[in-house]
Every structure is written in C-alpha cells, then in structure tokens.
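Chains as they are written, first to last, in my numbering: chain A, 1 to 156; chain B, 157 to 312.
Don't be surprised by glycine CBs; every beta carbon is placed ideally from N, CA and C.
Here is the structure we will look at, set down as structure tokens.
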DNA sequence: ACTTTATTGTTCAGCATTGAACATTTTTAT
DNA sequence: ATAAAAATGTTCAATGCTGAACAATAAAGT
C-alpha cells in the first residue's frame, strides 16, 4: 500500500487485467449460451476441439492442454463416450494410456460447435482491428510464459 | 467452414482469443495459490475487494458487479459472515435488501489479499510495457461492451 | 384501495472442478 | 533381477456456480 498508487484499482496494470478477466468471463457466458442448443457446455467444447485437432491424444496430454486436472477428464470423458461422441481405446504399447478420438457424429457435432464458436469470437472482436488483436496476442504470450514458469513457486 | 480460413485455429482473431483465455485461466490458478495462505479463494477475494470499494452495497448489486447469479452470493456471503469478515444489515427503507460491509478483520484481510493480488499482477505483466497494457485494456473495453449488449439475444 | 408485476434474497438439485488417495503399469536405480 | 520411483487413469468428498422455484417486500397499474 506504500506503492506509487494508493489503491489497486488506480494501478494501470491492475485495471488492464480486470478488463481482461471481465471480458473472459462474459465471453464464457456468451459461449455457454451460444452452444446450449447443441447440448454441450464449454468444457465439452474444449475437449472436442482438442480431439479434433489432436487425434489419438491421451487423457493426460488432453488435461495438460486444457490446464485442468486428470480427474476432471476422468469425469467428463465417459459422458462424451456414452453419448457416442468420442472413443477411448487402450494404447498398444503402454497399457496405462487411453487414446482418445472423435467418432463420426462427434466430428459432426464438433464442426457445428466450432462454427458457432468462431462466429461468436468473430462478432465479438469485430471492433478490434487485426493488428490490435495481434498486439493483444503478443501480450498474452508473455503473460502465459511468465505464469507457466512461476507455477511451482509462488513467492519470491 | 467456407470462410477464408480452413480451421478456427488458423484464424487470427480466434488465436488471439485463445491466448486471452489461457492467460486468464493461468492467472486465476496462480492467484488461487497465491492467496491460499489467507484461507480464501478467488471468489471470496472478488467479494472482499468489491466490499472494500463499495461499502454498503446490496447482494444484488454485488452479484451484478461480479457477473454471477444472486444465488451464488447467497451461498458465499454467509460463509464470510460466519468467519467475521463481513456484516449483513437490513436496509432501513427497503426490507428486502441486505447491505454489506467489511468488519475490521475483514478489512485487514482484504488489504493483505489486495497486496498479494497486486503483486502477482505486477510481476506477471512486468514484461508488458504500460502503453501495451493500455492498448489491451482498450481492446477489452470494446469486447466487454459488445458482449454486454448482445447478452439477451445470442443469434442474429 | 386492490390487484398485478417486479425485485431481493434463499433454497435446492445438478453439474464442473479440484486435490488426495488409490491401483495398475512403466521406468529408473541399485 | 529386484526394489524404488514415476506416470496414467479412477474414485471420492468438498466446493463453486447455475437456474428454477419460492417467500417476502415494493412498485406499478387499474
């Protein structure tokens, strides 16, 4: 509190980050509504898109990409499997690993969902010129890098 | 899919937004670890900060600021009240409303938490120059505005 | 005045997420 | 070869968040 700013919200970086967090929260809520017709929520969408992109990925790798715990995948994937959207097949060499892939209907659903998702992002960022988007992306890259390297130790 | 890009992840705005979402997720996790010593989590922190800033706010107003449902506040606030961090007093004129305020120990805890939070944000955004932060903030303002005006109707 | 509508907060069932403990299998150390 | 350590997926209790239904109060319409 003996910083150059009296309160956090007077701090420029703090204010910037609050904006990022709010935008994320609102986007997530809008996305949830946008894909509700397909009877999936954003966690499922994230899974489906990553399976679309990385066919044969393991649950562990998927969890890492999504920045969630393994147990989360153990809860969600069986649901998608029961709905016939994905398949889980044991790896040939390593008997611990389950390899994931989309079924035909899973791929179909994923493409519909991606179209909706892309459309929403497109509409939402339409006011933001492409070079500004690129600047934002660069800033986020830096932030992501710092956060990932500081993960285990949180204090100086 | 008959857009200019074949896949969403080849789309510049899409990629930008993925970066924003990842950064947010990582920041939230880092923040959760950073304030774990104070025995609160990010939802509590958000509440405390808003009570610090807007003393006497109602539960409804608080929920609106945090972009969450009223029921969420009805679950979390009694916890903080039991811990002696906040007080809920009925409004004098409108008997429906509960007005919220921090107790002394609530204010103390909030100041500690804010110091940690500001420090983490400071460290994380240290690589990002202030003018770049400002550009990000502007972009987020636009995005927030669009998302808030599109809230009720999600389709064209 | 009286009825209808809206607002505020609560409760509840449902689901996502986590972290810890566990079993199985693989890898590494000795 | 054998033991120790690590990796993968599962289960479970705890918690956050939501939306719907509800009670109490206030505001608006008649």
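Which listed residue (the options) has its alpha carbon closest to that of residue i
i             : options                       : result
residue 196/B : 272/B, 299/B, 304/B and 297/B : 272/B
residue 77/A  : 92/A, 57/A and 93/A           : 57/A
residue 192/B : 298/B, 268/B and 293/B        : 268/B
residue 16/A  : 207/B, 180/B and 198/B        : 180/B
residue 32/A  : 120/A, 143/A and 137/A        : 120/A
residue 141/A : 178/B, 166/B and 162/B        : 178/B
residue 10/A  : 209/B, 291/B and 238/B        : 209/B
residue 6/A   : 253/B, 162/B and 270/B        : 270/B
Boundaries of the beta strand (DSSP E) in which residue i is found, first to last residue
i             : result
residue 242/B : 242-246
9 Å Cβ cutoff met for residue i and residue j
i             : j             : result
residue 110/A : residue 84/A  : no
residue 12/A  : residue 289/B : yes
residue 29/A  : residue 302/B : no
residue 257/B : residue 245/B : yes
residue 255/B : residue 264/B : no
residue 182/B : residue 26/A  : no
residue 281/B : residue 143/A : yes
residue 175/B : residue 34/A  : no
Assigned secondary structure, residue i (DSSP; H/G/I helix, E/B strand, else coil)
i             : result
residue 58/A  : strand
residue 256/B : strand
residue 158/A : Lying before the first or after the last residue shown, residue 158/A is absent from chain A, which here runs from 1 to 156.
residue 184/B : helix
residue 190/B : helix
residue 292/B : helix
residue 301/B : helix
residue 185/A : Chain A is shown only over 1 to 156; residue 185/A falls outside these bounds and no answer can be derived.
residue 268/B : helix
residue 105/A : helix
residue 312/B : Since pLDDT at residue 312/B reaches only 29, below the 50 mark, its modelled position is unreliable, and no value is offered.
residue 163/B : coil
residue 239/B : coil
residue 125/A : coil
residue 251/B : coil
residue 287/B : helix
Any non-hydrogen atom of the ligand SAH closer than 8 Å to residue i Cβ
i             : result
residue 278/B : Although the ligand SAH was asked about, the structure shown includes no ligands whatsoever.
Same chain only: Cβ atoms within 8 Å of residue i, ignoring 5 sequence neighbours per side
i             : result
residue 236/B : 200, 203, 204, 242 and 262
residue 219/B : 225, 226, 228 and 229
residue 279/B : none
residue 95/A  : none
residue 206/B : 213, 218, 221 and 222
residue 38/A  : 109, 112, 113 and 116
Neighbourhood of residue i by C-beta distance below 7 Å, restricted to the same chain and skipping five residues each side
i             : result
residue 60/A  : 70
residue 14/A  : 8
residue 156/A : With a pLDDT of 29 at residue 156/A, under the threshold of 50, the predicted position of this residue should be treated as unreliable, and no value is reported.
Contact set for residue i: own chain, Cβ-Cβ below 6 Å, skip 5 residues either direction
i             : result
residue 295/B : none
residue 149/A : none
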